[in-house]
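Structure, as structure tokens:
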Amino acid sequence: MTDRNARAAFPQGGADWEALQARMADYAAGDVDWRSGRSPLFVFKNDEATYEIGRRAFFEYFNENGLGGTRAFFGIGRMEREVLDYGLSLLNAPEGGVGVFTPGGSESIFLAVKAARDRFRARPGAPRRELNLVMPDTAHAAFDKAAQVMDLEIRRAPLGPDRRVDVAAMEALIDDRTFLLVGSAPCYPHGVVDPIPRISRIAEARGIWLHVDACVGGWMLPFFAAAGRDLPEFDFRQPGVRSISADLHKFGFCPKPASTLFYREIEDRDRAQFVADAWPSGVFRTSTLAGTRPGGAVAAAWAVLNHLGSSGYLTAARRLAAMTDAYVAGIEAIEGLEMIARPDFSIVNFGSSVHDMTAVATGLSDRGWLVTLTRRPVGLHLMMSLLHEAPREDYLADLRAAVDGAAAERRPADESLGTYAG
Ligand SMILES: *Cc1c(COP(=O)(O)O)cnc(C)c1O
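This is the structure in structure tokens:
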């Protein structure tokens with residue numbers, strides 16, 4: 075074993091592909107077996123054909139730069155426009171709505187927060203500092219990141235018993251420095267969609283921007299609804315919704331890095347644009363934080379969307395919904411386990427009032443499953459794509475064994491199991 079803390083020496087060069095490939099495989103030998111559904115986050119898949127189309131399209135345009143989509147790489151530029159048009163239609167954006175292709179959900183959220191802040195500040199007499207945003211306790215940490223960078227206060231609203239945000243409590247947190255309200259579709263911790271129609275009414279009445287974080291569900295939830303699932307409406311049909319973030323690289327089943335951000339009005343996008351012209355090279359303008367962006371991600375998203383289309387996503391939604399129901403039933407069949415929320419999506423979060431869930435988690439980890447936990451309340455967390463369809467019986471058998479093991483012996487919990495990343 076090499077010392078992971080020792081600095082790697084600058085390579086001499088000359089390694090050929092075979093040697094490099096072998097070394098990379100060696101480095102990755104201990105990776106989680108994600109292809110067999112053993113990772114409950116980080117990776118997503120529909121089926122082999124979709125995966126292969128994404129991979130091929132990515133490498134077809136692997137060296138092109140999305141930054142040059144309007145001046146040099148017209149193919150990428152056109153694919154990007156079409157992808158954004160597909161999203162605007164899917165999310166029922168009105169005429170005049172626009173989209174931005176970004177390298178990830180965190181950046182989509184960052185841009186929406188910036189646009190909302192700058193719109194608020196542009197009102198005559200509006201306070202410029204000590205602004206706050208009000209969001210559900212379950213909103214993604216990307217909002218905390220954006221707030222840290224832009225020096226904004228976050229107010230976290232508590233949840234109702236169904237783990238959707240308590241809208242009255244949310245409203246009580248609003249004051250005259252609140253520039254943004256947030257709802258998730260669905261939230262990452264519990265997989266439930268916040269009551270967007272009710273938040274939208276407050277946003278409209280108070281004249282506050284509502285951002286819907288549909289990073290998880292944006293490209294898939296509409297098909298859950300089409301498949302007959304009862305969901306709160308979360309898109310631009312709700313008049314208070316001014317922006318929506320939706321990741322292609324989650325349940326759009328597109329290769330990373332790919333997310334989208336949609337604005338109700340073009341002026342909103344313009345507020346999040348960065349324009350600089352003080353340097354010797356003249357005007358530099360982007361609608362993203364990133365400058366250079368991978369052309370491959372744009373091509374791959376375009377290809378996957380055209381391959382799957384509404385029929386492919388609807389089929390995936392039906393399979394995901396049935397799979398989720400089967401997991402929930404299997405989990406509830408194990409004595410002492412209970413769902414923390416009834417999921418609206420293929421995110422499952424469950425705990426126990428009798429078993430030590432950190433010990434259960436350790437038991438699953440010992441059986442080769444990567445495990446993540448929620449902390450409030452303590453529970454196991456699974457964000458499942460169709461990678462998780464095949465190993466369901468194996469998972470449930472190992473879960474049962476881990477529960478039995480936890481009941482039989484109390485062991486010190488592994489603190490690292492409650493960590494999302496890093
Ligand atoms: C994943 C996620 C994000 C952040 O997306 P990245 O692409 O990881 O930056 C934002 N919101 C929710 C609800 C998410 O699940």
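Counting along the sequence shown from 1, when you hit position 401 you're at 475 in the numbering used here, and nothing is skipped either side.
All C-beta atoms in this analysis are idealised placements derived from N, C-alpha and C, irrespective of residue type, glycine included.
So what does DSSP say about residue i, is it helix, strand or coil?
i: Pro241; result: Per the sequence presented here, residue 241 reads as Val, with Pro not at that position. Helix.
i: Val157; result: helix
i: Glu412; result: strand
i: Leu255; result: strand
i: Gly326; result: coil
i: Ala231; result: strand
i: Ala82; result: coil
i: Thr398; result: helix
i: Arg130; result: helix
i: Pro306; result: coil
i: Thr448; result: strand
i: Pro210; result: strand
i: Gly88; result: coil
i: His264; result: coil
i: Asp344; result: helix
i: Arg152; result: helix
i: Trp443; result: coil
i: Lys119; result: coil
i: Glu463; result: coil
i: Ile183; result: helix
i: Leu388; result: helix
i: Ile273; result: helix
i: Ala144; result: Residue identity differs from the one stated: residue 144 is Thr in this sequence, not Ala. In this structure, Thr144 counts as coil in the three-state DSSP scheme.
i: Ala378; result: A small correction: the amino acid at residue 378 is Val; Ala does not occupy that position in the sequence shown. Helix at Val378.
i: Asp250; result: coil
i: Gly404; result: helix
For the beta strand (DSSP E) holding residue i, just list the boundary residues, first then last.
i: Trp283; result: Trp283 to Asp287
i: Arg359; result: Phe358 to Thr360
i: Ile421; result: Ile421 to Ser426
i: Gly453; result: Val452 to Met457
Taking 6 Å as the limit between beta carbons, can you name the residues of its chain near residue i, skipping five residues before and five after?
i: Phe297; result: Tyr387, Leu388 and Ala391
i: Val434; result: Ala476, Val477 and Ala480
i: Pro238; result: The displayed chain sequence assigns Arg, not Pro, to residue 238. Within the same chain, Arg238 has close Cβ partners Val266, Asp268 and Pro269.
i: Arg195; result: Arg202
i: Gly178; result: Pro331 and Ser333
i: Val172; result: Tyr337, Ile340 and Arg343
i: Gly291; result: Ala259, Pro260 and Phe419
i: Leu394; result: Ser420
i: Lys188; result: Ala346
Using DSSP bridges, identify the partner residues of residue i.
i: Thr334; result: Phe175 and Ala320
i: Val349; result: Arg359
i: Pro368; result: Asn139
i: Val315; result: Leu284
Go through its chain and collect everything with a Cβ distance to residue i's Cβ below 8 Å, but skip five positions before and after it.
i: Ala123; result: His381
i: Leu207; result: Val187, Ala190, Phe217, Ala221, Leu226, Glu227, Ile228, Arg229, Thr252, Phe253, Leu254, Leu255 and Val256
i: Ala243; result: Ala231 and Pro232
When burial is assigned at 16 or more other CB atoms within 10 Å of the CB, is residue i buried or exposed?
i: Thr362; result: buried
i: Leu94; result: exposed
i: Thr144; result: exposed
i: Phe116; result: exposed
i: Ala183; result: Checking the sequence, you will find Ile at residue 183 rather than Ala. By the neighbour-count rule (16 or more Cβ atoms within 10 Å), Ile183 is buried.
i: Arg193; result: buried
i: Tyr101; result: exposed
i: Ile414; result: buried
i: Asp351; result: exposed
i: Ser427; result: exposed
i: Asn137; result: exposed
i: Met98; result: exposed
i: Gln86; result: exposed
i: Pro198; result: exposed
i: Arg316; result: buried
i: Gln222; result: exposed
i: Asn79; result: exposed
i: Arg367; result: buried
Which residues in the same chain have their Cβ closer than 7 Å to the Cβ of residue i, if we skip the five residues on either side of it in sequence?
i: Ala279; result: none
i: Leu322; result: Trp293, Cys328, Ala332, Ser333, Thr334 and Ala375
For ligand 2, is there a heavy atom less than 7 Å away from the beta-carbon of residue i?
i: Gly179; result: Ligand 2 is not part of the structure shown, which contains ligand 1 as its ligands.
The alpha helix (DSSP H) spanning residue i covers which residue range?
i: Pro296; result: Leu295 to Ala300
i: Thr432; result: Met431 to Asp440
i: Leu473; result: Arg466 to Ala482
i: Ala93; result: Trp91 to Tyr101
i: Val223; result: Ala215 to Met224
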